[in-house]
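Below you'll find the structure, written out as structure tokens, and then a few comments.
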Amino acid sequence: MTPAELQTFLHRNIPASAALQFSVTEADPGRTALIAPIAANCNHHHTVFGGSIVMLATLCGWSLVHLNYPEYHGKIVIQESHIRYLKPARGDLTAVCEKTDPEAWAQCSAMLAARGKGKIHITCTLFSNDIKVAEFEGKYVVLAE
């Protein structure tokens, strides 16, 4: 799946991602990256709104899981998340998730095969103007059809 295809999928199925002008810059099973422009996600402090930050991170993690399990056609939900805001995001926001911990991915795949449901923890780092502004952790559940 190309970045443009993933972006179209997100905009079609999660309309808020289109309204907030999120774009996909990387769509690889090993790494995903999404951008939120400050102009569409600005709060009254002229920084990126916290809700936009957590939504971008959630979608970035979701996208990484989706790219690793395309055969489940997006049947992925977030079960739990935690975000830590480190600094104000004063410019466009970039979220990056990388596939790490091969053992956890193998365990998720084994759970899917055995139970029809697999769980995976994803971390996401968010940057604005090359400054780390937030860290996100999410537990995603992949559901067999």
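Residue numbering for the sequence shown follows full-length UniProt numbering, starting at 1 and increasing by one per position. Note that CB positions come from ideal geometry on N, CA and C, so glycine has one too.
Identified DSSP bridge partners for residue 81:
138
- State the beta-bridge partners of residue 121 as determined by DSSP. 139
- Task: Would you check if the distance between the CB atom of residue 59 and the CB atom of residue 93 is smaller than 7 Å?
- Result: no
Output needed for residue 163: all residues of its chain with C-beta closer than 6 Å, excluding positions within five of it in sequence on either side, in chain order.
Absent from the model: residue 163. The displayed extent of the chain is 1 to 145, so no value can be given.
key: residue 26 burial status per 10 Å Cβ neighbour count (16 or more: buried)   = buried
key: At least 3 beta-carbon pairs within less than 8 Å: the stretch 93 to 105 vs the stretch 50 to 57   = yes
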